[in-house]
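A.B. asks:
In this note's numbering, the protein residues as written are 1 to 243.
(1) Would you kindly check if the distance between the Cβ of residue 18 and the Cβ of residue 182 is under 8 Å?
(2) Which term fits residue 97, buried or exposed, when burial requires 16 or more other beta carbons within 10 angstroms of its beta carbon?
(3) Could I get the ranges of all uninterrupted beta strand (DSSP E) runs contained in the segment 162–231, with 3 residues as the minimum, in chain order?
(4) Among 121, 119 and 188, whose alpha-carbon lies nearest the alpha-carbon of residue 147?
(5) If contact is defined by three or more beta carbon pairs under 8 Å, each pair taking one atom from either stretch, is the segment 152–164 in contact with the segment 196–216?
(6) Using the Cβ count rule (16 or more neighbours within 10 Å means buried), how would you classify residue 191?
(7) In whole angstroms, what is the alpha-carbon distance linking residue 65 and residue 94?
(8) Quick one: what's got a C-beta closer than 7 Å to residue 120's C-beta in the same chain, skipping five residues either side?
(9) State the Cα-Cα distance for the pair residue 117 and residue 136, rounded to the nearest angstrom.
(10) What residue does the alpha helix (DSSP H) around residue 140 start on, and which one ends it?
(11) When you compare only the Cα positions, how much space is there between residue 261 and residue 5?
(12) Using a Cβ distance threshold of 8 Å, determine whether the segment 58–76 contacts the segment 7–22, with at least three qualifying pairs required.
(13) By the three-class DSSP mapping on this structure, what secondary structure does residue 29 have?
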């Protein structure tokens, strides 16, 4: 099966499983989304959603957080990974937004990437989800699934992003990147996953990939769903997603 044909079938299954995907990070505007995505590095979304209420109580705008000290910000986000460096970045980027962008988050990829603590993936998420500009942020879930499904060779995140942008229509990117993340978390975990029973892996993964992962997982015992993951099957198989 050609990659283009495979991509189309995958997109259909993902749209059926997640027709209206939402950003899993709690936010109310571009700035709170920017901060939440920055905090999510090496931290779960659930943990970020636990700490942001206190942080946004401290300040919900760049001007408000720029007036706070790093210590105050750190106290709110202490349980997040890399908390000290994130507190420093949040304080500095808030000041830059005030000084250089009129207290607003710029709708510009290069300007976003120049902000402290903001890399290409974070900037892409903000462009896509805050401003509706087509982007394809690649996180660890998307990177591994693109390789597992044979959509990219997975050598680098940059290569994966280029391959996915080439395979999928531009107007689908913003929803699709969320759908892949959600599918990876719920149905297609990195470890102890039976590819042969997966709605996508069972036909998208190569026989070599299935054999490699089966061998890798064998010492851990019988494959099981991770964290109570639901099973999903493709529409073509005529079965429903069940919780």
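Ideal Cβ positions, reconstructed from N, Cα and C, are used throughout, including at glycine.
C.D. replies: Working from what's here:
(1) For the pair residue 182 and residue 18, the CB atoms are nearer than the 8 Å cut-off.
(2) It counts as buried.
(3) Listed in chain order, nothing qualifies, since the segment 162–231 has no complete beta strand (DSSP E) run of 3 or more residues.
(4) If we check each option's Cα against that of residue 147, 188 comes out closest.
(5) Contact fails: fewer than three Cβ-Cβ distances are below 8 Å.
(6) Exposed.
(7) Here the C-alpha atom of residue 65 lies approximately 6 Å from the C-alpha atom of residue 94.
(8) Cβ neighbours of residue 120 beyond the five flanking positions: 113.
(9) Separation of residue 117 and residue 136 (C-alpha to C-alpha, rounded to the nearest whole angstrom) is 19 Å.
(10) Counting along the chain, the alpha helix (DSSP H) containing residue 140 begins and ends at 140–148.
(11) Missing from the structure shown is residue 261; the chain here goes from 1 to 243 and no further.
(12) Look at the beta carbons and you see the segment 58–76 not touching the segment 7–22: under three pairs across the two are nearer than 8 Å.
(13) Residue state, collapsed to three classes: coil.
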